[in-house]
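One rule links them: number in the working numbering = place in the sequence shown (from 1) + 12. Idealized CB from N, CA, C, for every residue including glycine. Shown next, in structure tokens, is the structure this report addresses.
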Amino acid sequence: MAWELSGTYFEHCPCGMVCPCTTSGLTLPATVERCTVVLAFHIDAGTIDGVDVAGRTAVVVADAPRLMSEGGWKVGLYVDDGATDEQFAGLGAVFSGQRGGLWAAVAGLVGEMLGAERVPITYADEGRTHRVRVGDAIDMEIEDWVLPNADEVATLTGMTFPAPVLTMARSTRSHVDAFGVRMDSPGTNGHSAPFAWAA
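Shown next, in the form of structure tokens:
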């Protein structure tokens, strides 16, 4: 059976604005020695093999070489503790790339899975501000960037992952100690966008 998911997402990494990994399709190196990134996805609507996963939140934590296209990523997954066993298994299969689609392309770059856990997650998407708290492991917030004398947030177009148009943003709060991946990088890069995938 097929799957489809849609909702909102945001991410944060320690690169300066704007992340060269994202904007180059992983062909340029990060501005730091290791690329540590957290991507938080809140699912507004979706099914996996007929199982409704609306309302669930998944958070991907990755540690990768400076040039992410080299592969060897270390990746962990959190799913909110409201998920049933079926929802947890389905989301794990999608975000690990086992079910094809967008995440299958990423899966080829992963060298080690650090684990998958159900934990309390609080996700908020409030206008230009996006925040997530994952147990005691992650507490981060980003704010979409508005250029001086402008009314709308700045965006990047022509992107492929995880959505074709991403806002530019910067972190206003940054604490990550998850699956051995650590990051404290307030004031650095962030992106947010609605997403819609299917396979």
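- Separation of VAL50 and PRO160 (C-alpha to C-alpha, rounded to the nearest whole angstrom) is 28 Å.
- If one requires a minimum length of 4 residues, the alpha helix (DSSP H) runs lying completely within the region 86-148 are 97-107 and 114-119, in chain order.
- In the structure shown, SER204 adopts extended strand secondary structure according to DSSP, grouped into three states.
- In the DSSP assignment, the residues bridged to THR179 are THR167 and SER204.
- Here MET80 carries a helix assignment [DSSP, helix/strand/coil].
- Our two residues, ARG68 and ALA52, have alpha carbons roughly 11 Å apart in a direct line.
- Proximity of the region 156-173 to the region 186-201 falls short of the contact definition, fewer than three beta-carbon pairs being nearer than 8 Å.
- Here LEU126 has LYS86, VAL87, GLY88, PHE191 and GLY192 as same chain residues with Cβ atoms under 7 Å from its own Cβ, once five neighbours each way along the sequence are excluded.
- The region 54-69 makes no contact with the region 30-44: fewer than 3 CB pairs, one atom from each, lie closer than 8 Å.
- A direct Cα-Cα distance of roughly 18 Å separates THR141 from LEU168.
- Pairing GLU16 with ILE133, the inter-Cα distance amounts to about 22 Å.
- Across the structure, HIS203 and VAL177 are spaced so that their CA atoms are roughly 10 Å apart.
- When C-alpha distances from GLY83 are compared across VAL91, CYS47 and TYR90, the shortest belongs to CYS47.
- Under DSSP, GLU153 takes part in a beta bridge, and its partners are ARG143 and ARG185.
- Burial state of PRO32 is buried, judged by a 10 Å Cβ sphere holding 16 or more other Cβ atoms.
- The C-beta of ARG194 has fewer than 16 other C-beta atoms within 10 Å across all chains shown, which makes the residue exposed.
- Going by C-alpha positions, PRO77 is about 11 Å away from VAL122.
- THR69 carries a strand assignment under DSSP once its states are collapsed to helix, strand and coil.
- Nearest to SER183 by C-alpha distance, out of ASP189, ALA210, ASP148 and ILE154, is ILE154.
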